[in-house]
Structure formats: C-alpha cells, structure tokens
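**Q** Structure incoming, see below.
Residue numbers (the working numbering): 188 to 585.
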C-alpha cells in the first residue's frame, strides 16, 4: 500500500523521546512489510529525517513546551482560546496552516492515511476527507491531561490541563468514530476505548532498539551508577513519577546508593537528595541504562505503554517498577520487581542491589522478548491496514 504517515515529529536517525521511538518503530515495521510510506510533518530545527527520501518536512520548528520561550507559549494559548482548540492542537495549526493539507494532496493519492496521535487531526479535521484513516493512539490523551490537572500544584495550569482534557476527549471520541481503525500502544488503552470499538482496534506491541544478549555481555565495564532513570521529564505525566521517586523513595535509600537521572529535565525539579546526579540528555539511551546496576520505572500517571519499560526488557536489565509502568504486559521478566508504595519500592531496590553487588548481575537475554514484540507489531499493523484497504475498495466500487 501507499501510505501517508502524518505526524507532529518525523523520526530522525537517533530518536530521543518515547513518542519518537514509537514513531520510528511503527514506520520501520510498515516499511519492512513492503509498504511505501511517506512521513509528513515537522522537525526540530537542525535535525534531518532518518529516511530523507521518505519524508516531507512542512517546517523545522520547535513545537514542544520545554523548548520555546514564554512568549511563544502565550501565543499558543491565545490561539487555542481563539480557535476553540486544545493548546496541543492549536500550536500545530499555527505551524502548518496553509501547508499541511496542501502537502498531503500534492504527494497523494494515498491508499490510507495514518494519523499519528490525535493532535494533527485535531488541528486539521480536513485530513479525514483525504482518504481512509487509521488512528494511532499513543496515549488516551484526555485521560493523561486529566491526570496532569489533578497533580498540578499551579491553579492556572490545573485550569489549562482541565480545558485540554475536555476538548481532547471530544476530539478523540470523534476520531474513534470516523477513523477506519484505531491502534493503541497498550491493551489497557484499547479496553478504554469501550466495547463499541473493540472490533475496529488493535494494540501494537513496540520495540525500541536492536536486541542484545545482555546475559552474554561479560565484558561490560563496571557500572557508573546503582540506579538509573531515563525519560522526557518535561512531559507532565512522566514528571509526576520522577517527582514521586525523588521526594518519597530516595530518602528511604542508604546514602551509599547512587542514582542517575537522564533525559530532558523539567523546570519544576525538586531539591535533590545528595546521592542523585542529573546527567541530562544522553547520546545513547541504551548505553546509559547499561551503565546502571538497576533501572527504576516509577510511573504514576499517563496512559499508553512505557517505552522505558520496553527498553529495559529488551536489554535484559533488572528493574523495580510500579504497576502502571508495566501497563500493557501480562507477564514480567524474572528480574523485575513490582512495587507501588515508597517503602516497597525502596526495599525492592535495596534487595536487588544487594544481590547485584554480590556478583549476580541479574541480566537476562532480551532476544526472545524482541522477537515476540516484532511479530505481534507486524500482525497488528496488518490487521489495521486490511480494514482500511477493504473500506477504500468498497468506497471506490472495487
């Protein structure tokens, strides 16, 4: 099939955020299945598409809150209020108005349009008229916005998040009706769509890196840190989990246990315990994770699937995780511990670190996990495209 992959961020050679890693995984799987895919959307300034010949860049522009000055954020809010849109959609409308729809038409026709998250079709509802559409729900966005509102200490931000939740829910429910098929990234999110959408939806298991046999990597250098956390902490649901870890779990850990936090940092970071080091964005997420004895997966909000959890499983790394961090997985590796209170989380970290320091690295082979994920991802994609292709043929009298 000839497909358009419409996305706010076109994948680059080294994807940074969980959203970008998921985008790259889906695009790679579609191309591996033999489909001709054109990614249409935006890039950050200075970046280059991973597959330049398969990309149409509408503009190189910062569209993330953490990367722009207050003046730009105010412009987005005012545009959202004027257009009756969520801020997340209004900023895309400003960036692509007069160009995005025209680019899709110019490079078409397409057998199907893949709407990568609700934000672009929320900003450009005209996309639904350009061909059969399949929606990718990275998260149930209105639920994530509602969680962010509940956890925000800033009254103004609470109101803005609550407004986002109301408008996003309206957009999402409309898209669930109008799209030919819906892909979620977790079975829990698919269930959240409701009974009416089970026949037209599938969950896409994701992969994020080449498989490594971590158990066989005996030449690894000594770890630089005991505990590692990595994520895009500027995204409110992610920051809720990091804030919980730093405020409530770290004080329960012995002072000789070192903690490293990698990724884009929020401007609302709390005071840091002395054993915590902020390393910022790292050039290689896998290398950072393997430099830590154990991974902490402390998610407390959000929907969708946690890419950090997938990365730990693929690398065969030991981890302590909240139940929410493991959403989308029915079976956990033997080197994972589940804990949902600060006391249980800290105790599980201390216990596993004791075993690791005694000489048992607690590493597993992630190759089998990777193989299963790839096969299930290909099957889920094929199911959605078959539904879109069938609808398209019927509509055109074939």
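Virtual Cβ for every residue (Gly too), placed ideally from N, Cα, C.
1) What is the DSSP secondary structure of residue 434, reduced to helix, strand or coil?
2) Do you know whose CA, among 388, 190, 376, lies nearest residue 292's CA?
3) Quick one: residues in its chain with C-beta nearer than 6 Å to the C-beta of residue 436, no 5 flanking neighbours on either side, listed in chain order?
4) Say whether the segment 358-376 touches the segment 443-451, bearing in mind that this needs 3 or more beta-carbon pairs closer than 8 Å, one atom from each stretch.
5) What span of residues does the beta strand (DSSP E) with residue 464 cover, start to end?
6) Here's the rule: buried if 16 or more other CB atoms are within 10 angstroms of the residue's CB, otherwise exposed. What is residue 235?
7) For residue 370, report the span of its beta strand (DSSP E) as first-last.
8) Check this for me: beta carbons of residue 536 and residue 499, under 8 Å apart or not?
9) How about residue 320 and residue 300: are their beta carbons less than 8 Å apart?
10) Express the C-alpha separation of residue 541 and residue 274 in angstroms, rounding to a whole number.
11) DSSP state of residue 204, grouped into three classes?
12) With 16 as the cutoff for other CB atoms within 10 Å, does residue 457 come out buried or exposed?
13) Does DSSP put residue 427 in a helix, in a strand, or in coil?
14) Please report the Cβ distance between residue 424 and residue 383, rounded to the nearest whole angstrom; I am assuming they are in contact, meaning their Cβ atoms lie under 8 Å.
15) Distance, Cα to Cα, residue 402 vs residue 297?
16) Alpha carbons only, please: which of 378, 263, 327 is nearest the one belonging to residue 362?
17) Less than 7 Å between C-beta atoms, sequence neighbours within five positions excluded: which residues of the same chain meet that for residue 563?
18) Taking one C-beta from the segment 567-579 and one from the segment 459-469 each time, how about it: are there three or more such pairs within less than 8 Å?
19) Helix, strand or coil for residue 225? Go by DSSP, reduced to three states.
20) Could you give the uninterrupted runs of the beta strand (DSSP E) lying entirely in the segment 446-526, keeping only those of 3 residues or more?
21) Since residue 280 is in the alpha helix (DSSP H), which residue starts that stretch and which ends it?
22) Mind the definition here: the segment 278-288 touches the segment 259-267 only if three or more C-beta pairs lie below 8 Å; say whether that holds.
23) Tell me the residue span of the beta strand (DSSP E) that contains residue 246.
24) Residue 388 lies in the beta strand (DSSP E); which residues open and close that run?
25) Relative to the C-alpha of residue 205, which residue among 240, 385, 494 is closest?
26) Nearest to residue 553 by CA position, among 561, 512, 503, 520, is which residue?
27) Grab the span of the alpha helix (DSSP H) containing residue 330 for me, first residue to last.
28) Under a three-way DSSP split, which group does residue 439 fall into?
29) Run the CB neighbour count on residue 548, radius 10 Å, all protein chains shown included, and call it buried at 16 or more, exposed below.
30) Can you tell me whether residue 577 is buried or exposed, with buried defined as 16 or more other CB within 10 angstroms of its CB?
31) Measuring only the C-alpha atoms, how far is residue 348 from residue 323?
**A** Taking the geometry as given:
1) Helix.
2) Nearest of 388, 190, 376 to residue 292, Cα basis: 190.
3) Same-chain partners within the cutoff: 529, 532, 533.
4) No, they do not touch.
5) From DSSP, the beta strand (DSSP E) with residue 464 extends over 463-467.
6) The Cβ neighbour count for residue 235, taken over all protein chains shown within 10 Å, is under 16; the residue is labelled exposed.
7) If you look at residue 370, you'll find it in the beta strand (DSSP E) that goes 368-371.
8) Not a contact, by the Cβ cut-off of 8 Å.
9) With contacts defined by Cβ atoms closer than 8 Å, residue 320 and residue 300 form a contacting pair.
10) Residue 274 and residue 541 have their C-alpha atoms some 47 Å from each other.
11) Coil at residue 204, not helix or strand.
12) Burial call: exposed.
13) In the structure shown, residue 427 falls within a helical segment according to DSSP collapsed to helix, strand and coil.
14) No, residue 424 and residue 383 are not in contact; Cβ-Cβ is about 26 Å, not under 8 Å.
15) Reliability fails at residue 402, whose pLDDT of 42 lies under 50, so the model's placement of it is uncertain and the value that follows must be treated cautiously. Roughly 45 Å between the two C-alpha positions.
16) That would be 327, whose Cα lies nearest to the Cα of residue 362.
17) Within the same chain, and ignoring the five residues on either side of residue 563 in sequence, the residues whose Cβ sits closer than 7 Å to its Cβ are 392.
18) No, they do not touch.
19) Collapsing the DSSP output to three states places residue 225 in a strand.
20) Entirely contained in the segment 446-526, the beta strand (DSSP E) runs reaching 3 residues are, in chain order, 446-449, 463-467, 479-484, 506-508, 523-525.
21) Element bounds for residue 280: 274-283.
22) These segments touch.
23) In the DSSP assignment, residue 246 falls within the beta strand (DSSP E) that extends over 242-247.
24) Following the DSSP letters along the chain, one finds residue 388 inside the beta strand (DSSP E) bounded by residues 388-390.
25) Nearest to residue 205 by alpha-carbon distance, out of 240, 385, 494, is 494.
26) Considering only alpha carbons, the answer is 503.
27) Per DSSP, residue 330 belongs to the alpha helix (DSSP H) from 328-338.
28) It is helical.
29) The residue in question, residue 548, is buried, as its Cβ has 16 or more Cβ neighbours within 10 Å.
30) It counts as exposed.
31) Those two C-alpha atoms are separated by around 22 Å.
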